[in-house]
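Colleague: Using UniProt numbering, the letters of the sequence shown correspond one by one to residues 1 to 126.
C-beta atoms are modelled at their ideal positions from N, C-alpha and C, and glycine is treated no differently.
This structure is a prediction, so every number in the text was calculated from the model and none was measured.
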Amino acid sequence: MPETSGFAGRTPETHVIDFRAAEQLLAARDPRGAVKLLDNVIAAYPENTAARLLRARAFFAAAQLRPAELEFTIVLEREPDNAFAHFALARTYERSGQQAQAMRHFRLAAALDPQPEYLAAARFDS
1 MPETSGFAGR TPETHVIDFR AAEQLLAARD PRGAVKLLDN VIAAYPENTA
51 ARLLRARAFF AAAQLRPAEL EFTIVLEREP DNAFAHFALA RTYERSGQQA
101 QAMRHFRLAA ALDPQPEYLA AARFDS
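#1: Apart from the five residues on each side of it in sequence, which residues of its chain come closer than 8 Å, Cβ to Cβ, to R32?
#2: Considering only the alpha carbon of each residue, which of R95, S96, G97 and R91 lies closest to L108?
#3: Over the uninterrupted alpha helix (DSSP H) stretch that includes F19, give me the two end residues.
#4: Name the residue from F60, L65, E71 and Q64 whose alpha carbon lies nearest to the alpha carbon of residue 128.
#5: Rounded to whole angstroms, what is the Cα-Cα separation between Q24 and L37?
#6: State the Cα-Cα distance for the pair A85 and L76, rounded to the nearest angstrom.
#7: By the three-class DSSP mapping on this structure, what secondary structure does Q101 have?
#8: Considering only the beta carbon of each residue, do R66 and N40 sit closer than 8 Å?
#9: Label E69 either buried or exposed according to how many other C-beta atoms from any shown protein chain fall within 10 Å of its C-beta, with 16 as the threshold for buried.
Below you can see the structure in the form of structure tokens.
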């Protein structure tokens, strides 16, 4: 019987399938299932920013705020101009009661991409 845990039998194609399945699980409100799939993808491809961003979103959806914060921070270290990552990190800080940090990232998100949701959260007029 083939080994199914860890990396045995894993190919780039199976990691892509896991990534796509994780997207579907997150959309279906199963963030913990998404995290499990993404753990394997990130173990194989630790530099994959898209997988890290998706895992951060899944952690956030599962109310695992500290792991979400860490993943969003890694994404922003690699892509400091990622407005969505700033916005999501701000929401994470907001949810954990770190208002000053949240506002900083809301404003960075709005400055990078002035879409209405980001501008409203940044509260530039107050």
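Modeller: Well, looking at it:
#1: Taking C-beta separations shorter than 8 Å and ignoring five residues to either side along the sequence, the partners of R32 in its chain run A58 and A62, following chain order.
#2: When each option's Cα is compared against that of L108, the closest is R91.
#3: It spans P12 to A27 - the alpha helix (DSSP H) in which F19 sits, taken as one unbroken run.
#4: Absent from the structure is residue 128, since the part of the chain shown begins at 1 and ends at 126.
#5: Using only the alpha carbons, I get a separation of about 11 Å.
#6: Going by the C-alpha atoms only, they are around 7 Å apart.
#7: If DSSP states are grouped into helix, strand and coil, Q101 belongs with the helices.
#8: Not in contact: R66 and N40 (Cβ atoms no closer than 8 Å).
#9: So E69 ends up on the buried side.
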